[in-house]
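Chains as they are written, first to last, in the numbering used here: chain A, 1 to 117; chain B, 118 to 230. Cβ coordinates follow ideal geometry from the N, Cα and C atoms, glycine included. Before any comments, here is the structure.
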């Protein structure tokens, strides 16, 4: 158990809909990362937050947004869903960011599997 | 774009044999990490090697890094059926506060009992 909690584990929805994925990082971790994993694209970095502020942005679509709240949990919002958005969405956490990361490793949750029909 | 490219894409070995997986990357890095993912599960960190290190060991794992060739290898010795999983290399370019890991597409390792 990594200590990172993601909900829901599975989600099935229709095209055009909006969903919210939730992540609770390990106790004490300030950084939260979101990744998307699909068969064709592999593991793609979406976005990183550190202590409530956006720190790095990857291949995140404009239809997607995220935020990190004062209690450090994070939410990833996916809107106007398309079939191609079907994927596993992972949240990961780490103690810090950049040079502040003690070991450099990320701790991953079990993921939220999104199926868009 | 993917920074790390693993090789081979799939590997099937007999229990007890050693498994060697390779990773190549394109740009300079601060560190390189290997992760394991069991089917449908989250990724688990295995080992990290920094750019100024050449070799590192952790249990049955041995990682090497050759920055001149921009490549790394992960060796799993005396493999077990429980090692069956996908293995990913991830590189950190370290851009200060925007440091982030970039993952390769992974290697599927099957260990036959």
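Kindly list the residues whose CB is nearer than 7 Å to the CB of residue 85 of chain A, restricted to its own chain and excluding five residues on each side of it in sequence; keep chain order. Excluding residues within five positions, the ones whose Cβ falls inside 7 Å are 78, 114, 116.
If you pair each beta-carbon of the region 216-224 of chain B with each one of the region 36-54 of chain A, do three or more pairs fall below 8 Å? Yes, they touch.
Pairwise C-alpha distance: residue 92 of chain A and residue 158 of chain B: In this structure, the CA atom of residue 158 of chain B is about 13 Å from the CA atom of residue 92 of chain A.
Please report how far the alpha carbon of residue 67 of chain A lies from the alpha carbon of residue 31 of chain A, in whole angstroms. Spanning the two alpha carbons is a distance of roughly 12 Å.
Thinking just about the alpha-carbon of each residue, which of B/177, B/210, B/191 is nearest to the one in residue 125 of chain B? Selected option, being the one with the closest Cα: B/191.
Taking 8 Å as the cut-off, does the region 132-145 of chain B touch the region 190-210 of chain B (at least 3 CB pairs, one atom from each stretch)? The region 190-210 of chain B, when compared against the region 132-145 of chain B, does touch it at the 8 Å Cβ threshold.
Residue 159 of chain B CB to nearest chain A CB: under 7 Å? Output row for residue 159 of chain B: interface = yes.
Collapsed DSSP secondary structure at residue 58 of chain A in the structure displayed: Secondary structure at residue 58 of chain A: coil, using DSSP grouped into helix, strand and coil.
Please return the same chain residues whose Cβ sits closer than 6 Å to the Cβ of residue 64 of chain A, not counting the five positions on each side in sequence. Taking C-beta separations shorter than 6 Å and ignoring five residues to either side along the sequence, the partners of residue 64 of chain A in its chain run 78, following chain order.
Against chain B, which members of the region 67-84 of chain A pass a CB distance test of less than 8 Å? Residues: none.
Whose C-beta lies closer than 8 Å to the C-beta of residue 16 of chain A among residues of the same chain, with five residues either side of it excluded? Closer than 8 Å at the Cβ level, and outside the excluded window around residue 16 of chain A, lie 80, 81.
Distance check for residue 112 of chain A and residue 11 of chain A, CA to CA, integer angstroms please. CA-to-CA, the gap between residue 11 of chain A and residue 112 of chain A works out to about 7 Å.
Should residue 181 of chain B and residue 172 of chain B be called a contact, given that it needs their Cβ atoms to be closer than 7 Å? Contact check for residue 181 of chain B against residue 172 of chain B passes: the beta carbons are separated by less than 7 Å.
I'd like to know whether the C-beta of residue 174 of chain B is nearer than 7 Å to at least one C-beta of chain A. With 7 Å as the cut-off, residue 174 of chain B does not count as an interface residue toward chain A.
Along chain B, in chain order, which residues have C-beta atoms closer than 7 Å to that of residue 48 of chain A? Listed along the chain, the chain B residues whose CB falls inside 7 Å of the CB of residue 48 of chain A are 217.
The beta strand (DSSP E) that contains residue 73 of chain A, what's its start and end? Unbroken run through residue 73 of chain A: none, as it is neither H nor E.
Give a yes or no on whether 7 Å exceeds the smallest Cβ distance from residue 214 of chain B to chain A. Any reading at residue 214 of chain B needs caution, since the residue's pLDDT is 48, under 50, leaving its predicted position unreliable; the model's value is listed next. Chain A places a beta carbon closer than 7 Å to that of residue 214 of chain B, counting this residue as a contact.
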